[in-house]
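Chemist: Starting off with a structure, shown below.
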Amino acid sequence: MAYKQFLPYFASGKINKGFGRGSAALGIPTANYPEDVVSTLPAEFDNGIYYGWAGLEGSVYKMVLSIGWNPFFKNIKKSMEVHILHKFSGDLYGKQLNIIITGFIRLEKDFSSLDDLIAEIKNDIKIADDKLNDEQMLKYKNNDFL
Ligand code: RBF
Ligand code: MG
-11 MAYKQFLPYF ASGKINKGFG RGSAALGIPT ANYPEDVVST LPAEFDNGIY
39 YGWAGLEGSV YKMVLSIGWN PFFKNIKKSM EVHILHKFSG DLYGKQLNII
89 ITGFIRLEKD FSSLDDLIAE IKNDIKIADD KLNDEQMLKY KNNDFL
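Residue 56 in this note's numbering sits at position 68 of the sequence shown, with consecutive numbering throughout.
Encoded structure:
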């Protein structure tokens, strides 16, 4: 797997309006990065589900990230979507989001139902929440980049 050579990976950009599907259909809102940030990813960076830290307006949160074509929804454009492990009251469109991707969870998959996709994402969130408590991962939390 090629992703290993790129971690930790630092990215930042302004949050774009996505399809709104994350909140509406899944109940799991995601902050979408604009195309210029997605196209900056190295070509060999594997599509998949990652975790790390998100910096937004001076606070740092745990996050999970999906990179790829969302096979379940058959997207034609590659996306880079961050789910922050925090409940926000309003939407985050236009805000600057800095992330450090510190670990890999799994490859993107297709699912036979929306419920299966949601269950898998909830499991990803649990894995991220847990892994980010490791000392090796916590050391990135105070990075000035965020
Ligand atoms: N979409 C897929 O088609 N397959 C996946 O395996 C998949 N895993 C995801 C894991 C996480 C942690 C998140 C936040 C999203 C994932 N998605 C996946 C993307 C999901 O379909 C997308 O967030 C919604 O379609 C909203 O754009
Ligand atoms: Mg989204």
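All C-beta atoms in this analysis are idealised placements derived from N, C-alpha and C, irrespective of residue type, glycine included.
1. With DSSP as the reference, label S11 as helix, strand or coil.
2. Looking at the secondary structure, which residues open and close the alpha helix (DSSP H) in which M125 lies?
3. Return yes when the Cβ of A(-10) is within less than 7 Å of the Cβ of V25, no when it is not.
4. Would you kindly work out how many angstroms separate the C-alpha atoms of Y81 and N4, rounded to a whole number?
5. Enumerate in chain order the residues of its own chain whose CB-to-CB distance from S100 is below 7 Å, with the five nearest sequence positions on each side excluded.
6. Helix, strand or coil: which one does DSSP assign to K50?
Modeler: Short version:
1. helix
2. 123 to 126
3. no
4. 6 Å
5. Excluding sequence neighbours, S100 sits near nothing in its chain.
6. strand
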